[in-house]
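A.B. asks: To start, I am sharing the structure in question, which I have written as structure tokens.
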Ligand code: LLP
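Numbering (the working numbering), first residue to last: 11 to 473.
Okay, here's the thing in structure tokens:
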């Protein structure tokens, strides 16, 4: 066997080399990817009336900046979307202050772990307005859901129906549940985010009677009440065909339950997944269009208005409210591409490494100067896949010490951040009407050391 030549090794496809070069775009050139209040004033980007360089000075970098007005605007658009109930999918972004924002907008909350549930309840969110998801909830989580009085638990497997039935009975309660079903519709999105096909870990396939048996199992539990049926076909979806087809199949399933078993379902939760633009020119699936696509599917089968429709948007409510602010450190010129290193990376922005997701970027100050140079924005972590923005045409003037702003980072960034390379996680700061308020403080090296146990003896019970 011949060994690979050096040339082959060097030219092998790289995960950070995207197809084509992204246009670097300031707020005025691509408002779709920036927060609603983003403006360039005297060469400085402002969000929520606050200059990003001033925020960097006050809070340090890397920094997540959240435009409160953007979130509230989108929350209201969802409430006006035509859905009967809107649950904010907290997995997209959550912290105590966010729980308060969601509450103040009159939204319900979708949580998918005991941790999210406790944070919401501890912050004062009414548990009756919470829907609890998860494909492998622990017994302790199910018991916590019952004892907090969670509005709906979305059951995802037969063991859980049994466990939840027992937990509710033990607590002397009747727990409302949705049964999560999969309609055999694979959403047009990244494979990791498609959840409605027959070969996924979530829920019960309608195919071969799995979903029907799950509903009957719920009906057999005196301490559970079937409040509805749930389906979520995926995330970052911009084409509506799959949504309509899924809704139609869910409606057909519901109609069949009535025909065959006399079971009436009056609520259908069709999940979240409305896509947002990450790059200039990309589309957003607007709340009204998302809901209309779902209603169209339901209406093909069920009498119009016969079921309540709930939705669970996450990304589309908070994604473009967020901007990540980095300080540029090393700049390597004279190579095939200019490598611009920033003071964060895959620890605060995992999506480019995990899904090869692409973003645009723009200097927070003085962005207009200089010709465009083929650049790649990289992080400070120890691997070549640590890329923040692959292949982007950034101004030649960009230099060490400058601030770089990456928009559309409000969803699935802070919540997916890690401490890789013992990197403390960034702060999250909210901006509105010229004022900045801290939502999550920056992690410190002391925070990271707090879990060190120094080889403390573990007490073994003997099994
Ligand atoms: N409902 C359920 C049951 C879900 O699983 C999800 C997302 C949502 C609602 C909200 O979907 P959204 O409206 O945010 O698209 N980490 C990935 C996204 C994973 C989505 C997980 N489930 C990313 O960074 O793109």
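Ideal Cβ positions, reconstructed from N, Cα and C, are used throughout, including at glycine.
Rounded to the nearest angstrom, what separates residue 474 and residue 401 at their Cα positions?
C.D. replies: No answer is possible for residue 474: it lies beyond the span of the chain, which begins at 11 and ends at 473.
A.B. asks: Any heavy atom of the ligand LLP within a distance shorter than 7 Å of the CB on residue 123?
C.D. replies: Result no, Cβ not under 7 Å from the ligand LLP.
A.B. asks: In this structure, what does DSSP give as the bridge partners for residue 524?
C.D. replies: Residue 524 cannot be examined here, being either before or after the span of the chain that is shown, 11 to 473.
A.B. asks: Would you say the beta carbon of residue 283 is closer than 7 Å to some non-hydrogen atom of the ligand LLP?
C.D. replies: Under cutoff, so the answer is yes.
A.B. asks: Hey, out of 299, 359, 410 and 270, whose CA is closest to residue 253's CA?
C.D. replies: The shortest Cα separation from residue 253 among 299, 359, 410 and 270 belongs to 299.
A.B. asks: Alpha carbon to alpha carbon, how far is residue 89 from residue 336?
C.D. replies: If I take the Cα positions, the gap works out to 34 Å.
A.B. asks: Which value, in whole angstroms, describes the spacing of the CA atoms of residue 190 and residue 466?
C.D. replies: Going from the Cα of residue 190 to the Cα of residue 466 covers about 43 Å.
A.B. asks: Report buried or exposed for residue 84, applying the criterion of at least 16 other Cβ atoms within 10 angstroms of its Cβ.
C.D. replies: Label assigned to residue 84: buried.
A.B. asks: Would the C-beta of residue 99 count as close to the ligand LLP, meaning under 7 Å from any of its heavy atoms?
C.D. replies: Yes, since a heavy atom of the ligand LLP falls inside the 7 Å radius drawn around the Cβ of residue 99.
A.B. asks: Does the stretch 351-369 touch the stretch 311-330, meaning 3 or more C-beta pairs lie closer than 8 Å?
C.D. replies: Output reads no: the stretch 351-369 does not touch the stretch 311-330.
A.B. asks: Report yes if the CB atom of residue 379 is closer than 8 Å to the CB atom of residue 63, and no otherwise.
C.D. replies: Going by C-beta atoms, residue 379 is not nearer than 8 Å to residue 63.
A.B. asks: Rounded to the nearest angstrom, how far is the Cβ of residue 358 from that of residue 423, given a contact under 8 Å?
C.D. replies: Yes, they are in contact, since the Cβ atoms of residue 358 and residue 423 sit about 6 Å apart, within 8 Å.
A.B. asks: Classify residue 291 as buried or exposed, calling it buried when 16 or more other Cβ atoms lie within 10 Å of its own Cβ.
C.D. replies: Burial call: exposed.
A.B. asks: Measure the alpha-carbon distance for residue 319 versus residue 30 and round it to whole angstroms.
C.D. replies: Approximately 40 Å, taken between the alpha carbons.
A.B. asks: Distance check for residue 346 and residue 21, CA to CA, integer angstroms please.
C.D. replies: Bear in mind that a pLDDT of 44 at residue 21, under 50, signals an unreliable position, so the model cannot answer this.
A.B. asks: So what does residue 453 bridge to, in DSSP terms?
C.D. replies: Beta-bridge pairing links residue 453 to no other residue.
A.B. asks: Do residue 99 and residue 120 have their beta-carbon atoms positioned less than 8 Å apart in this structure?
C.D. replies: Closer than 8 Å, so yes.
A.B. asks: Is it true that the CB of residue 349 sits closer than 8 Å to the CB of residue 388?
C.D. replies: Contact flag set, yes.
A.B. asks: Just to check, is the beta-carbon of residue 421 closer than 7 Å to a non-hydrogen atom of the ligand LLP?
C.D. replies: Residue 421 Cβ: within cutoff of the ligand LLP.
A.B. asks: Quick check on DSSP: helix, strand or coil for residue 11?
C.D. replies: Because the pLDDT at residue 11 is just 42, under 50, the model does not fix this residue reliably, and the point stays unresolved.
A.B. asks: On the DSSP letters alone, give me the boundaries of the beta strand (DSSP E) that residue 119 sits inside.
C.D. replies: That run of the beta strand (DSSP E) goes 118-121.
A.B. asks: Using 7 Å as the cut-off, classify the Cβ of residue 91 as near or not near the heavy atoms of the ligand LLP, replying yes or no.
C.D. replies: Checking every heavy atom of the ligand LLP against the Cβ of residue 91, none is found closer than 7 Å.
A.B. asks: Relative to the C-alpha of residue 393, which candidate in 108, 376 and 430 has its C-alpha closest?
C.D. replies: Of 108, 376 and 430, the residue nearest in Cα terms is 430.
A.B. asks: If you pair each beta-carbon of the stretch 240-257 with each one of the stretch 282-296, do three or more pairs fall below 8 Å?
C.D. replies: Taking 8 Å as the limit for Cβ pairs, the verdict is that the stretch 282-296 does touch the stretch 240-257.
A.B. asks: Is it buried or exposed, residue 12, if we count other Cβ atoms within 10 angstroms and call 16 or more buried?
C.D. replies: Confidence at residue 12 is low in this model, with a pLDDT of 45, below 50, so its placement is unreliable and the value that follows should be read with caution. So residue 12 ends up on the exposed side.
A.B. asks: Can you list, in chain order, the stretches of the alpha helix (DSSP H) that have 4 or more residues and sit fully within the stretch 241-307?
C.D. replies: Qualifying alpha helix (DSSP H) stretches, in chain order: 251-271.
A.B. asks: Looking at residue 273: is its Cβ nearer than 8 Å to the Cβ of residue 229?
C.D. replies: It is a contact, given that the beta carbons lie within the stated cut-off.
A.B. asks: Determine the closest residue to residue 321 out of 174, 268, 370 and 245, with distance taken between C-alpha atoms.
C.D. replies: Per the Cα distances, 245.
A.B. asks: Can you tell me where the beta strand (DSSP E) holding residue 337 begins and where it ends?
C.D. replies: Start and end: 332-342.
A.B. asks: Along the beta strand (DSSP E) that carries residue 529, what are the first and last residues, could you check?
C.D. replies: The chain is shown from 11 up to 473; residue 529 falls before or after that span and cannot be answered.
A.B. asks: Would you check if the stretch 439-459 and the stretch 103-120 touch, i.e. whether three or more CB-CB distances between them fall below 8 Å?
C.D. replies: Enough Cβ pairs lie closer than 8 Å, so yes.
A.B. asks: Nearer than 7 Å: is that true of the beta carbon of residue 85 relative to any heavy atom of the ligand LLP?
C.D. replies: Checking the Cβ of residue 85 against the ligand LLP gives no.
A.B. asks: How far does the alpha helix (DSSP H) with residue 154 in it reach, from first residue to last?
C.D. replies: Unbroken alpha helix (DSSP H) run through residue 154: 149-158.
A.B. asks: Going straight from the alpha carbon of residue 25 to that of residue 395, what length do you get?
C.D. replies: Any reading at residue 25 must be qualified, since the residue scores a pLDDT of 45, below 50, and its modelled position is unreliable; no value is offered.
A.B. asks: Taking Cβ positions, are residue 131 and residue 158 nearer each other than 8 Å?
C.D. replies: A contact, by the Cβ cut-off of 8 Å.
A.B. asks: Please confirm if the stretch 236-243 is in contact with the stretch 181-190, defined as three or more CB-CB distances below 8 Å between the two stretches.
C.D. replies: Contact between the stretch 236-243 and the stretch 181-190 is present, because at least three Cβ pairs lie under 8 Å.
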